[in-house]
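**Q**
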Amino acid sequence: MSAAVRAARKVDAYLGPVERGEAPKPGAAQAAGLAIRTAVRAGISPAQINAARTTNR
4 MSAAVRAARK
14 VDAYLGPVER
24 GEAPKPGAAQ
34 AAGLAIRTAV
44 RAGISPAQIN
54 AARTTNR
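If you're matching positions, the sequence shown starts at 4 in the numbering used here and goes up one per residue.
Next up, the structure:
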């Protein structure tokens, strides 16, 4: 599994409930931020993370 897909899953875990008007799980925002930072350090762009998020639903 690529870093972009891992980050996209963490972002979805946070943004999914937010988009539905629900409260995200505690710690989901921090986990999403950490996954994004880790992916960017690995050379993945935020656009690639977003693309993985939208294509893997």
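For each residue, glycine too, the CB sits at the ideal point set by N, CA and C. Since this is a predicted model, take the numbers as computed values, not measurements.
(1) Measuring straight from C-alpha to C-alpha, what distance separates Ala11 and Ala34?
(2) When burial is assigned at 16 or more other CB atoms within 10 Å of the CB, is Arg56 buried or exposed?
(3) Taking Cβ to Cβ, would you say Ala7 is nearer than 8 Å to Thr41?
(4) My output table needs one value for Ala55: the three-state DSSP class, helix, strand or coil.
(5) Let's see if you can read the secondary structure: which residues bound the alpha helix (DSSP H) around Ile39?
**A** Taking the definition as stated:
(1) 11 Å
(2) buried
(3) no
(4) helix
(5) Ala31 to Arg44
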